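Residue numbers (the numbering used here): 70 to 146.
Positions of the beta carbon are idealized from the N, C-alpha and C atoms, including for glycine.
Quantities reported herein were computed from a predicted structural model and do not represent experimental measurements.
Read through the structure below, which is laid out as structure tokens, and then see the notes.
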């Protein structure tokens, strides 16, 4: 609930309790929160949404997911 109200709260959620839906909501509010998402939950959709919200979130996108589309989204910010 706290993450739904303020995505930045994700950084205070214990890592073992972070779920994909919760993380996706958080990065849609604050792209930089991607750094607090466990790597195994960082999907292409989540990474794209994060860089759309904050282009600097590209630094936390795993290399295999850094597609041309995602990089262009980051630059547009």
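Beta-carbon proximity of residue i to residue j, cut-off 8 Å
i           : j           : result
residue 74  : residue 105 : no
residue 117 : residue 94  : no
residue 110 : residue 87  : yes
residue 17  : residue 115 : There is no way to answer for residue 17, as the model of the chain reaches only from 70 to 146.
For residue i, three-class secondary structure by DSSP
i           : result
residue 85  : helix
residue 133 : helix
residue 74  : helix
residue 80  : helix
Nearest-angstrom Cβ-Cβ length linking residue i and residue j, presumed shorter than 8 Å
i           : j           : result
residue 144 : residue 130 : Not a contact, Cβ separation roughly 13 Å.
residue 76  : residue 99  : 5 Å
Beta-carbon proximity list for residue i, same chain, < 8 Å, skipping 5 on both sides
i           : result
residue 113 : 134, 136, 139
- Query: At which residue ranges does the stretch 97-122 contain complete alpha helix (DSSP H) runs of 4 or more residues, listed in the order of the chain?
  - Reply: 113-122
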